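Numbering (the numbering used here), first residue to last: 1 to 492.
We treat Cβ as the ideally placed atom computed from N, Cα and C, and that holds for glycine.
A quick note: this is a predicted structure, and the numbers were derived from the prediction, not measured.
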Amino acid sequence: VLLAHMVRFAAVLQGHFAGVIGWLGVNHSFAPYLTGMTDREVEHFAQMLIYEFSQLTSARGGQSIYTDMHLSWEVPAFLAGIPAVGPGGEATGGICDAFAPEAQRFARGLMAVFRAGDATGRPFTFPRPVIHLSPRFFATPGHEAFLEMACDVAADKGNPCFVFDRGDTGRAGLPFCPEAAGEPWRVRGAALLNVTLNLPRLAYRAEGDERRLFGLISELLALAVRAQVEKKAFLKRILGLGARGPLALLAMDRDGAPYLDLDRAGGLIGMVGLNELVQIHTGEPLHASPAARAFGLKVVSHMRDEVEALGRTCGIPLALEQTPAETTAHRFARLDLRFHSPASGRIVKGSIARGDVYYTNSTHLYVGAAVTPPERIEMEGRFHPLIPSDAITHVFLGAARPSGAALARLVETAFRQTACAQIAFTPEFSSCAACGRTRRGLFDRCPDCGADAVEGITRITQYVTGISSWNKGKRAELKDRNRHPGFFPDSE
(Lines of atoms letter the chains of each structure in order from A and count residues from 1; the text may use other names and numbers.)
(Lines give C-alpha, C1' and ligand atoms only; values in the text may rest on other atoms or scores of the structure.)
Protein backbone atom coordinates (compact mmCIF):
# COMPACT_ATOMS: atom_id res chain seq x y z
CA VAL A 1 0.00 0.00 0.00
CA LEU A 2 2.83 2.41 0.85
CA LEU A 3 4.41 1.69 -2.52
CA ALA A 4 1.14 2.44 -4.32
CA HIS A 5 0.67 5.67 -2.35
CA MET A 6 4.18 6.83 -3.26
CA VAL A 7 3.72 6.15 -6.97
CA ARG A 8 0.25 7.70 -7.19
CA PHE A 9 1.23 10.77 -5.18
CA ALA A 10 4.27 11.27 -7.42
CA ALA A 11 1.90 11.26 -10.40
CA VAL A 12 -0.31 13.85 -8.70
CA LEU A 13 2.67 16.06 -7.86
CA GLN A 14 3.92 15.82 -11.45
CA GLY A 15 0.66 17.47 -12.47
CA HIS A 16 1.57 20.46 -10.30
CA PHE A 17 5.32 20.77 -10.90
CA ALA A 18 7.28 20.97 -14.15
CA GLY A 19 10.52 19.58 -12.75
CA VAL A 20 11.64 16.37 -11.15
CA ILE A 21 9.85 14.93 -8.11
CA GLY A 22 12.49 13.71 -5.66
CA TRP A 23 12.08 11.28 -2.76
CA LEU A 24 14.72 11.30 -0.02
CA GLY A 25 15.92 8.23 1.87
CA VAL A 26 13.73 5.84 -0.12
CA ASN A 27 15.42 2.59 0.88
CA HIS A 28 15.52 3.57 4.57
CA SER A 29 11.89 4.73 4.57
CA PHE A 30 10.73 1.36 3.24
CA ALA A 31 13.11 -0.67 5.43
CA PRO A 32 10.72 -1.32 8.39
CA TYR A 33 8.21 -2.83 5.95
CA LEU A 34 10.75 -5.35 4.61
CA THR A 35 11.52 -7.12 7.87
CA GLY A 36 11.10 -10.85 7.46
CA MET A 37 11.25 -10.82 3.66
CA THR A 38 13.72 -13.03 1.84
CA ASP A 39 16.24 -11.46 -0.54
CA ARG A 40 14.13 -12.67 -3.45
CA GLU A 41 11.03 -11.03 -2.00
CA VAL A 42 12.91 -7.77 -1.43
CA GLU A 43 14.10 -7.77 -5.03
CA HIS A 44 10.56 -8.48 -6.22
CA PHE A 45 9.36 -5.51 -4.15
CA ALA A 46 12.06 -3.36 -5.78
CA GLN A 47 10.90 -4.58 -9.18
CA MET A 48 7.32 -3.58 -8.35
CA LEU A 49 8.43 -0.08 -7.38
CA ILE A 50 10.43 0.54 -10.55
CA TYR A 51 7.85 -0.99 -12.90
CA GLU A 52 4.97 0.89 -11.24
CA PHE A 53 6.72 4.19 -11.93
CA SER A 54 7.66 3.15 -15.47
CA GLN A 55 4.17 1.93 -16.37
CA LEU A 56 2.59 5.27 -15.45
CA THR A 57 4.01 6.48 -18.77
CA SER A 58 1.25 4.63 -20.63
CA ALA A 59 -1.38 6.60 -18.70
CA ARG A 60 0.19 9.97 -19.60
CA GLY A 61 0.41 9.78 -23.38
CA GLY A 62 3.97 8.49 -23.25
CA GLN A 63 5.19 11.19 -20.84
CA SER A 64 7.33 9.84 -18.03
CA ILE A 65 6.93 10.74 -14.37
CA TYR A 66 10.15 12.66 -13.68
CA THR A 67 11.18 10.98 -10.44
CA ASP A 68 14.40 10.72 -8.45
CA MET A 69 14.84 8.08 -5.76
CA HIS A 70 17.58 9.13 -3.33
CA LEU A 71 19.37 6.12 -1.84
CA SER A 72 21.96 5.83 0.93
CA TRP A 73 23.96 2.83 2.09
CA GLU A 74 24.35 4.34 5.56
CA VAL A 75 21.42 5.84 7.49
CA PRO A 76 21.03 9.46 6.27
CA ALA A 77 21.76 12.12 8.87
CA PHE A 78 18.16 13.38 8.86
CA LEU A 79 16.88 9.87 9.75
CA ALA A 80 19.60 8.83 12.20
CA GLY A 81 18.18 8.23 15.66
CA ILE A 82 14.59 8.88 14.52
CA PRO A 83 11.84 6.43 15.63
CA ALA A 84 10.99 4.17 12.72
CA VAL A 85 7.42 3.95 11.44
CA GLY A 86 6.18 0.59 10.18
CA PRO A 87 3.05 -0.92 8.62
CA GLY A 88 -0.17 0.85 9.46
CA GLY A 89 1.72 3.98 10.37
CA GLU A 90 2.51 2.49 13.77
CA ALA A 91 5.77 3.01 15.63
CA THR A 92 8.03 -0.03 15.45
CA GLY A 93 9.63 0.57 18.82
CA GLY A 94 13.04 0.92 17.17
CA ILE A 95 14.95 3.69 15.42
CA CYS A 96 15.76 3.92 11.72
CA ASP A 97 19.34 2.85 12.40
CA ALA A 98 18.09 -0.57 13.54
CA PHE A 99 16.65 -1.24 10.09
CA ALA A 100 19.85 -0.45 8.16
CA PRO A 101 20.33 -4.10 7.06
CA GLU A 102 16.87 -4.12 5.42
CA ALA A 103 17.57 -0.75 3.79
CA GLN A 104 20.82 -2.08 2.38
CA ARG A 105 19.13 -5.22 1.05
CA PHE A 106 16.54 -3.01 -0.63
CA ALA A 107 19.26 -0.84 -2.19
CA ARG A 108 20.93 -3.97 -3.59
CA GLY A 109 17.56 -5.21 -4.87
CA LEU A 110 16.92 -1.93 -6.67
CA MET A 111 20.35 -2.08 -8.31
CA ALA A 112 19.68 -5.63 -9.49
CA VAL A 113 16.43 -4.53 -11.15
CA PHE A 114 18.03 -1.51 -12.81
CA ARG A 115 20.86 -3.71 -14.12
CA ALA A 116 18.37 -6.14 -15.70
CA GLY A 117 16.44 -3.36 -17.44
CA ASP A 118 12.96 -3.91 -18.81
CA ALA A 119 11.68 -7.02 -20.59
CA THR A 120 13.74 -6.21 -23.72
CA GLY A 121 16.87 -5.19 -21.81
CA ARG A 122 16.32 -1.47 -22.33
CA PRO A 123 17.33 0.84 -19.48
CA PHE A 124 14.49 2.40 -17.51
CA THR A 125 13.96 6.11 -18.13
CA PHE A 126 12.55 6.82 -14.68
CA PRO A 127 12.74 6.59 -11.72
CA ARG A 128 16.36 7.71 -11.54
CA PRO A 129 18.42 6.26 -8.67
CA VAL A 130 20.48 8.98 -6.98
CA ILE A 131 23.09 7.41 -4.72
CA HIS A 132 24.50 9.58 -1.93
CA LEU A 133 28.14 9.10 -1.00
CA SER A 134 29.19 10.71 2.28
CA PRO A 135 32.18 10.36 4.63
CA ARG A 136 30.04 7.92 6.64
CA PHE A 137 29.35 5.90 3.50
CA PHE A 138 33.04 5.09 3.20
CA ALA A 139 33.13 4.11 6.89
CA THR A 140 30.10 1.80 6.73
CA PRO A 141 30.72 -1.96 6.37
CA GLY A 142 29.83 -3.34 2.96
CA HIS A 143 30.23 -0.03 1.14
CA GLU A 144 32.92 -1.37 -1.20
CA ALA A 145 30.73 -4.12 -2.63
CA PHE A 146 27.70 -1.85 -2.92
CA LEU A 147 29.64 0.93 -4.68
CA GLU A 148 31.07 -1.57 -7.16
CA MET A 149 27.59 -3.00 -7.75
CA ALA A 150 26.08 0.46 -8.30
CA CYS A 151 28.94 1.41 -10.63
CA ASP A 152 28.44 -1.83 -12.54
CA VAL A 153 24.79 -0.84 -13.05
CA ALA A 154 25.96 2.61 -14.20
CA ALA A 155 28.35 1.01 -16.69
CA ASP A 156 25.71 -1.44 -17.89
CA LYS A 157 22.58 0.75 -18.07
CA GLY A 158 23.56 4.31 -17.08
CA ASN A 159 20.75 4.85 -14.56
CA PRO A 160 22.52 5.70 -11.28
CA CYS A 161 23.89 9.14 -10.52
CA PHE A 162 26.42 9.52 -7.71
CA VAL A 163 25.98 12.55 -5.45
CA PHE A 164 28.91 13.53 -3.24
CA ASP A 165 27.31 14.45 0.07
CA ARG A 166 30.49 15.70 1.71
CA GLY A 167 28.50 17.66 4.31
CA ASP A 168 26.75 14.42 5.33
CA THR A 169 23.26 15.97 5.24
CA GLY A 170 21.44 13.49 3.01
CA ARG A 171 20.18 16.51 1.06
CA ALA A 172 23.18 17.42 -1.12
CA GLY A 173 22.15 19.22 -4.32
CA LEU A 174 18.77 20.21 -2.86
CA PRO A 175 19.16 23.85 -1.73
CA PHE A 176 15.53 24.40 -0.70
CA CYS A 177 15.12 21.23 1.36
CA PRO A 178 15.54 22.56 4.93
CA GLU A 179 16.27 20.62 8.06
CA ALA A 180 13.36 19.44 10.20
CA ALA A 181 15.04 18.17 13.35
CA GLY A 182 13.35 15.02 14.59
CA GLU A 183 10.48 15.34 12.10
CA PRO A 184 11.61 13.89 8.75
CA TRP A 185 8.11 14.10 7.30
CA ARG A 186 8.61 17.89 7.25
CA VAL A 187 11.72 17.60 5.06
CA ARG A 188 10.29 18.93 1.82
CA GLY A 189 11.15 21.80 -0.42
CA ALA A 190 10.35 23.23 -3.82
CA ALA A 191 11.68 25.59 -6.45
CA LEU A 192 9.00 28.02 -7.59
CA LEU A 193 10.63 28.93 -10.90
CA ASN A 194 13.76 28.38 -12.96
CA VAL A 195 14.92 31.31 -15.10
CA THR A 196 17.79 30.54 -17.48
CA LEU A 197 20.30 33.13 -18.72
CA ASN A 198 21.77 33.10 -22.24
CA LEU A 199 25.38 33.87 -21.32
CA PRO A 200 26.88 33.97 -24.85
CA ARG A 201 24.48 36.74 -25.85
CA LEU A 202 25.83 38.92 -23.04
CA ALA A 203 29.37 38.33 -24.29
CA TYR A 204 28.40 39.33 -27.85
CA ARG A 205 26.89 42.54 -26.49
CA ALA A 206 29.88 43.33 -24.26
CA GLU A 207 32.30 43.16 -27.24
CA GLY A 208 35.29 42.31 -25.06
CA ASP A 209 34.63 44.95 -22.38
CA GLU A 210 34.82 43.07 -19.08
CA ARG A 211 33.21 45.83 -17.03
CA ARG A 212 30.30 46.00 -19.45
CA LEU A 213 29.98 42.21 -19.43
CA PHE A 214 29.60 42.03 -15.67
CA GLY A 215 27.19 44.94 -15.73
CA LEU A 216 25.02 43.13 -18.29
CA ILE A 217 25.09 39.98 -16.17
CA SER A 218 23.93 41.94 -13.13
CA GLU A 219 21.13 43.59 -15.12
CA LEU A 220 19.87 40.27 -16.44
CA LEU A 221 20.04 38.66 -13.00
CA ALA A 222 17.93 41.50 -11.60
CA LEU A 223 15.34 40.87 -14.33
CA ALA A 224 15.37 37.14 -13.56
CA VAL A 225 14.76 37.86 -9.89
CA ARG A 226 11.82 40.12 -10.79
CA ALA A 227 10.29 37.08 -12.48
CA GLN A 228 10.84 35.07 -9.29
CA VAL A 229 9.09 37.74 -7.20
CA GLU A 230 6.13 37.89 -9.57
CA LYS A 231 5.81 34.10 -9.65
CA LYS A 232 5.78 33.90 -5.85
CA ALA A 233 3.13 36.64 -5.62
CA PHE A 234 0.98 34.82 -8.18
CA LEU A 235 1.28 31.51 -6.33
CA LYS A 236 0.49 33.19 -3.03
CA ARG A 237 -2.81 34.46 -4.46
CA ILE A 238 -3.71 31.05 -5.88
CA LEU A 239 -2.74 29.14 -2.73
CA GLY A 240 -4.76 31.66 -0.71
CA LEU A 241 -7.90 30.21 -2.27
CA GLY A 242 -7.23 27.05 -0.27
CA ALA A 243 -9.55 24.12 -0.94
CA ARG A 244 -11.53 26.22 -3.43
CA GLY A 245 -8.57 26.87 -5.70
CA PRO A 246 -6.72 24.90 -8.40
CA LEU A 247 -3.80 24.24 -6.03
CA ALA A 248 -5.91 22.76 -3.23
CA LEU A 249 -3.55 19.81 -2.92
CA LEU A 250 -0.56 22.06 -2.26
CA ALA A 251 -2.56 24.23 0.14
CA MET A 252 -3.61 21.34 2.39
CA ASP A 253 -2.45 21.60 6.00
CA ARG A 254 -1.85 18.36 7.89
CA ASP A 255 1.09 19.28 10.12
CA GLY A 256 0.71 22.96 10.90
CA ALA A 257 1.88 24.32 7.54
CA PRO A 258 0.71 24.12 3.92
CA TYR A 259 2.16 21.24 1.93
CA LEU A 260 3.82 23.87 -0.27
CA ASP A 261 5.14 26.41 2.21
CA LEU A 262 6.08 29.48 0.17
CA ASP A 263 8.20 30.81 3.01
CA ARG A 264 10.48 27.77 2.68
CA ALA A 265 10.45 27.51 -1.11
CA GLY A 266 13.06 29.14 -3.31
CA GLY A 267 13.90 30.06 -6.86
CA LEU A 268 16.52 28.84 -9.32
CA ILE A 269 18.64 30.91 -11.69
CA GLY A 270 20.14 28.75 -14.41
CA MET A 271 22.57 29.41 -17.21
CA VAL A 272 23.50 28.14 -20.66
CA GLY A 273 26.78 28.60 -22.50
CA LEU A 274 29.45 29.62 -19.99
CA ASN A 275 31.93 27.84 -22.27
CA GLU A 276 30.93 30.04 -25.22
CA LEU A 277 30.93 33.22 -23.11
CA VAL A 278 34.51 32.48 -22.10
CA GLN A 279 35.45 31.66 -25.69
CA ILE A 280 33.99 34.95 -26.96
CA HIS A 281 35.67 37.02 -24.27
CA THR A 282 39.09 35.32 -23.99
CA GLY A 283 39.41 33.57 -27.36
CA GLU A 284 39.63 30.14 -25.69
CA PRO A 285 37.04 27.59 -24.54
CA LEU A 286 37.03 26.47 -20.91
CA HIS A 287 39.13 23.35 -21.40
CA ALA A 288 41.90 25.15 -23.31
CA SER A 289 43.76 26.88 -20.48
CA PRO A 290 43.79 27.67 -16.75
CA ALA A 291 43.26 31.34 -17.66
CA ALA A 292 40.02 30.51 -19.49
CA ARG A 293 38.74 28.49 -16.54
CA ALA A 294 39.76 31.24 -14.12
CA PHE A 295 37.68 33.74 -16.05
CA GLY A 296 34.76 31.31 -16.09
CA LEU A 297 35.04 30.97 -12.32
CA LYS A 298 35.09 34.75 -12.00
CA VAL A 299 31.84 34.98 -13.96
CA VAL A 300 30.05 32.28 -11.97
CA SER A 301 31.33 33.67 -8.65
CA HIS A 302 29.91 37.06 -9.62
CA MET A 303 26.59 35.44 -10.49
CA ARG A 304 26.51 33.53 -7.19
CA ASP A 305 27.22 36.68 -5.16
CA GLU A 306 24.63 38.72 -7.06
CA VAL A 307 21.96 36.02 -6.75
CA GLU A 308 22.48 35.65 -3.02
CA ALA A 309 22.34 39.43 -2.49
CA LEU A 310 19.21 39.78 -4.62
CA GLY A 311 17.61 36.91 -2.72
CA ARG A 312 18.21 38.66 0.59
CA THR A 313 16.73 41.86 -0.80
CA CYS A 314 13.54 40.28 -2.15
CA GLY A 315 13.10 37.77 0.66
CA ILE A 316 13.26 34.67 -1.55
CA PRO A 317 16.01 32.05 -1.15
CA LEU A 318 17.73 31.90 -4.54
CA ALA A 319 20.37 29.55 -5.90
CA LEU A 320 22.29 29.04 -9.11
CA GLU A 321 21.47 25.90 -11.07
CA GLN A 322 22.97 24.01 -13.98
CA THR A 323 19.92 24.23 -16.24
CA PRO A 324 19.52 20.83 -17.96
CA ALA A 325 18.49 22.73 -21.14
CA GLU A 326 17.12 19.84 -23.19
CA THR A 327 15.70 22.40 -25.64
CA THR A 328 17.08 25.75 -24.47
CA ALA A 329 20.70 25.27 -25.60
CA HIS A 330 19.50 24.77 -29.19
CA ARG A 331 16.95 27.59 -29.06
CA PHE A 332 19.41 30.15 -27.66
CA ALA A 333 21.98 29.28 -30.35
CA ARG A 334 19.42 29.66 -33.14
CA LEU A 335 18.22 33.00 -31.80
CA ASP A 336 21.77 34.32 -31.56
CA LEU A 337 22.47 33.29 -35.15
CA ARG A 338 19.56 35.53 -36.09
CA PHE A 339 20.40 38.52 -33.92
CA HIS A 340 24.18 38.37 -33.43
CA SER A 341 25.67 37.23 -36.72
CA PRO A 342 28.34 37.03 -37.97
CA ALA A 343 30.01 36.79 -34.53
CA SER A 344 27.72 34.00 -33.36
CA GLY A 345 28.47 31.94 -36.47
CA ARG A 346 32.05 31.51 -35.24
CA ILE A 347 30.95 30.39 -31.78
CA VAL A 348 27.88 28.15 -31.91
CA LYS A 349 28.53 24.41 -31.96
CA GLY A 350 27.13 22.03 -34.57
CA SER A 351 26.36 22.72 -38.23
CA ILE A 352 24.90 26.08 -39.26
CA ALA A 353 24.11 24.74 -42.74
CA ARG A 354 21.92 21.96 -41.31
CA GLY A 355 20.50 24.09 -38.52
CA ASP A 356 21.61 21.65 -35.83
CA VAL A 357 23.36 24.22 -33.65
CA TYR A 358 23.71 24.40 -29.88
CA TYR A 359 25.50 25.96 -26.96
CA THR A 360 27.28 24.00 -24.25
CA ASN A 361 25.06 23.28 -21.26
CA SER A 362 25.50 25.40 -18.13
CA THR A 363 29.11 25.44 -16.82
CA HIS A 364 30.16 22.24 -18.60
CA LEU A 365 33.20 21.91 -20.80
CA TYR A 366 32.50 21.43 -24.50
CA VAL A 367 31.22 17.86 -24.91
CA GLY A 368 33.89 17.09 -27.51
CA ALA A 369 36.80 18.52 -25.51
CA ALA A 370 39.93 16.36 -25.74
CA VAL A 371 40.21 15.75 -22.01
CA THR A 372 40.19 12.51 -20.01
CA PRO A 373 37.34 11.67 -17.60
CA PRO A 374 39.44 12.58 -14.51
CA GLU A 375 40.41 15.88 -16.14
CA ARG A 376 36.79 16.70 -16.98
CA ILE A 377 35.67 15.80 -13.45
CA GLU A 378 38.36 17.98 -11.90
CA MET A 379 37.88 20.97 -14.24
CA GLU A 380 34.08 21.00 -14.11
CA GLY A 381 34.12 20.24 -10.39
CA ARG A 382 35.74 23.59 -9.66
CA PHE A 383 32.45 25.26 -10.54
CA HIS A 384 30.25 22.95 -8.47
CA PRO A 385 30.75 24.62 -5.04
CA LEU A 386 29.29 27.79 -6.57
CA ILE A 387 26.15 25.99 -7.78
CA PRO A 388 24.05 24.57 -4.91
CA SER A 389 21.40 22.95 -7.10
CA ASP A 390 22.21 19.60 -8.66
CA ALA A 391 25.56 20.36 -10.33
CA ILE A 392 26.80 17.35 -12.29
CA THR A 393 29.59 16.07 -14.54
CA HIS A 394 28.89 13.59 -17.33
CA VAL A 395 31.30 10.86 -18.40
CA PHE A 396 30.29 9.56 -21.83
CA LEU A 397 31.01 5.86 -22.36
CA GLY A 398 29.56 5.26 -25.82
CA ALA A 399 29.56 1.55 -26.62
CA ALA A 400 32.34 0.78 -24.11
CA ARG A 401 31.44 -1.35 -21.11
CA PRO A 402 33.86 -0.60 -18.24
CA SER A 403 33.89 -2.83 -15.20
CA GLY A 404 32.14 -1.73 -12.04
CA ALA A 405 35.50 -1.79 -10.26
CA ALA A 406 37.02 0.69 -12.75
CA LEU A 407 34.17 3.16 -12.32
CA ALA A 408 34.15 2.69 -8.54
CA ARG A 409 37.82 3.70 -8.41
CA LEU A 410 37.06 6.80 -10.48
CA VAL A 411 34.08 7.72 -8.28
CA GLU A 412 36.03 7.37 -5.03
CA THR A 413 38.94 9.37 -6.44
CA ALA A 414 36.54 12.12 -7.51
CA PHE A 415 34.99 12.18 -4.04
CA ARG A 416 38.32 12.44 -2.25
CA GLN A 417 40.40 14.56 -4.63
CA THR A 418 38.04 16.96 -6.45
CA ALA A 419 35.23 19.41 -5.70
CA CYS A 420 32.86 17.61 -8.10
CA ALA A 421 29.33 17.38 -6.67
CA GLN A 422 27.83 14.61 -8.81
CA ILE A 423 28.81 12.16 -11.57
CA ALA A 424 26.75 10.30 -14.15
CA PHE A 425 28.08 7.68 -16.58
CA THR A 426 26.42 7.55 -20.00
CA PRO A 427 26.45 4.42 -22.19
CA GLU A 428 24.57 4.15 -25.50
CA PHE A 429 22.11 1.55 -26.80
CA SER A 430 20.08 0.62 -29.85
CA SER A 431 16.69 -1.06 -29.44
CA CYS A 432 15.05 -2.83 -32.38
CA ALA A 433 11.26 -2.71 -32.70
CA ALA A 434 11.32 -5.60 -35.19
CA CYS A 435 13.12 -8.30 -33.19
CA GLY A 436 12.85 -6.75 -29.73
CA ARG A 437 16.56 -6.93 -28.96
CA THR A 438 18.62 -4.18 -27.34
CA ARG A 439 22.31 -3.87 -28.20
CA ARG A 440 25.07 -1.68 -26.80
CA GLY A 441 26.12 1.13 -29.14
CA LEU A 442 24.25 3.25 -31.69
CA PHE A 443 23.33 1.56 -35.00
CA ASP A 444 21.32 2.61 -38.05
CA ARG A 445 20.29 -1.02 -38.56
CA CYS A 446 19.75 -3.79 -36.05
CA PRO A 447 22.92 -5.92 -35.85
CA ASP A 448 20.73 -8.98 -35.12
CA CYS A 449 17.95 -8.88 -37.73
CA GLY A 450 19.03 -6.07 -40.08
CA ALA A 451 15.82 -4.06 -39.66
CA ASP A 452 16.01 -0.27 -39.73
CA ALA A 453 13.31 0.13 -37.04
CA VAL A 454 15.98 1.02 -34.51
CA GLU A 455 15.73 3.54 -31.67
CA GLY A 456 18.91 4.93 -30.15
CA ILE A 457 18.87 5.33 -26.37
CA THR A 458 21.20 7.37 -24.17
CA ARG A 459 21.24 10.21 -21.64
CA ILE A 460 20.04 13.59 -22.91
CA THR A 461 20.86 15.65 -19.80
CA GLN A 462 20.24 13.86 -16.52
CA TYR A 463 18.03 11.01 -17.69
CA VAL A 464 18.08 8.21 -20.25
CA THR A 465 15.65 8.44 -23.16
CA GLY A 466 15.08 7.70 -26.85
CA ILE A 467 17.07 9.84 -29.28
CA SER A 468 14.16 10.21 -31.72
CA SER A 469 12.54 12.74 -29.36
CA TRP A 470 15.62 15.01 -29.28
CA ASN A 471 15.82 18.28 -31.17
CA LYS A 472 18.48 18.85 -33.84
CA GLY A 473 20.81 20.64 -31.47
CA LYS A 474 20.92 17.79 -28.98
CA ARG A 475 21.46 15.28 -31.79
CA ALA A 476 24.41 17.35 -32.99
CA GLU A 477 25.77 17.40 -29.44
CA LEU A 478 25.46 13.60 -29.35
CA LYS A 479 27.65 13.33 -32.46
CA ASP A 480 30.26 15.62 -30.93
CA ARG A 481 30.60 13.83 -27.58
CA ASN A 482 34.03 12.60 -26.55
CA ARG A 483 33.40 8.98 -25.57
CA HIS A 484 36.96 8.43 -24.31
CA PRO A 485 37.74 5.32 -26.41
CA GLY A 486 40.22 3.01 -24.74
CA PHE A 487 40.46 5.02 -21.52
CA PHE A 488 39.04 2.38 -19.18
CA PRO A 489 41.48 -0.58 -19.07
CA ASP A 490 38.85 -2.98 -17.74
CA SER A 491 36.50 -2.50 -20.70
CA GLU A 492 34.81 -5.66 -21.88
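Review point. Taking contact to mean at least 3 C-beta pairs separated by less than 8 Å, is the segment 364-377 in contact with the segment 413-422?
Key: yes
Review point. In chain order, what residues of the same chain lie with their CB nearer than 7 Å to the CB of leucine 407, ignoring the 5 residues before and after it?
Key: Cys151, Ala154, Ala155, Phe425
Review point. Hey, isoleucine 387 and threonine 363: beta-carbon distance below 8 Å or not?
Key: yes
Review point. From aspartate 68 to phenylalanine 176, what does the alpha carbon distance come to, in whole angstroms?
Key: 16 Å
Point to revise | Test item: CB-CB of tryptophan 73 and glutamine 47 under 8 Å | key: no
Check your understanding: Out of Pro342, Leu262, Pro83, which has the shortest C-alpha to C-alpha gap to alanine 91?
Key -> Pro83
Exercise for review: Could you pull out every residue in the same chain whose Cβ sits closer than 8 Å to the Cβ of glutamate 284, ignoring the five residues on either side in sequence?
Suggested key: Val278, Ala291, Ala292
**Study point:** Any alpha helix (DSSP H) of 4 or more consecutive residues that is wholly inside the segment 343-394
**Key:** 373-381
**Study point:** Three-state secondary structure (DSSP) of leucine 318
**Key:** strand
Check your understanding: Does the beta-carbon of histidine 330 have 16 or more other beta-carbons within 10 angstroms, so that it is buried, or is it exposed?
Key -> buried
Check your understanding: What's the gap between the Cα of glutamine 422 and the Cα of glycine 88?
Key -> 36 Å
Practice item. Note down, one range per segment and in chain order, each alpha helix (DSSP H) of at least 4 residues found wholly within the segment 113-177. Key: 143-156
Check your understanding: Among Val454, Phe332, Asn482, Pro123, which one has its Cα closest to the Cα of glycine 564?
Key -> Since the first residue of the chain shown is 1 and the last is 492, residue 564 is not available in this structure.
**Study point:** the segment 137-150 / the segment 18-28 touching (three or more Cβ pairs under 8 Å)
**Key:** no
Check your understanding: Does the count of Cβ pairs from the segment 343-356 and the segment 377-386 closer than 8 Å reach three?
Key -> no
Review point. Are three or more beta carbon pairs between the segment 243-257 and the segment 204-218 nearer than 8 Å?
Key: no
Review point. Out of curiosity, what's the CA-to-CA distance linking alanine 80 and glycine 296?
Key: 39 Å
Review point. Do the segment 114-134 and the segment 451-467 make contact, defined as three or more Cβ pairs closer than 8 Å?
Key: yes
Point to revise | Exposure of histidine 281, with buried meaning 16 or more beta-carbon neighbours within 10 Å | key: buried
**Study point:** Beta-carbon spacing of leucine 34, isoleucine 21 below 8 Å
**Key:** no
Point to revise | Test item: CB-CB of histidine 16 and leucine 249 under 8 Å | key: yes
Review point. Using the C-alpha atoms, what's the distance from alanine 325 back to aspartate 390?
Key: 13 Å
Check your understanding: Contact between the segment 109-121 and the segment 200-213: three or more CB pairs below 8 Å?
Key -> no
Check your understanding: Measuring CA to CA, which of Tyr358, Leu56, His394 is closest to threonine 327?
Key -> Tyr358
Review point. Does the distance from the CB of alanine 251 to the CB of glycine 189 come in under 8 Å?
Key: no
**Study point:** Distance between beta carbons of proline 32 and valine 75, contact taken as under 8 Å
**Key:** Contact flag wrong, Cβ pair sits at about 12 Å.
Exercise for review: Output the distance between the C-alpha atoms of glycine 441 and serine 431, rounded to the nearest integer angstrom.
Suggested key: 10 Å
Practice item. My understanding is that leucine 510 touches lysine 298, with C-beta atoms under 8 Å, so please give their C-beta distance in whole angstroms. Key: Limits of the chain in this structure are 1 at one end and 492 at the other, which puts residue 510 out of reach.
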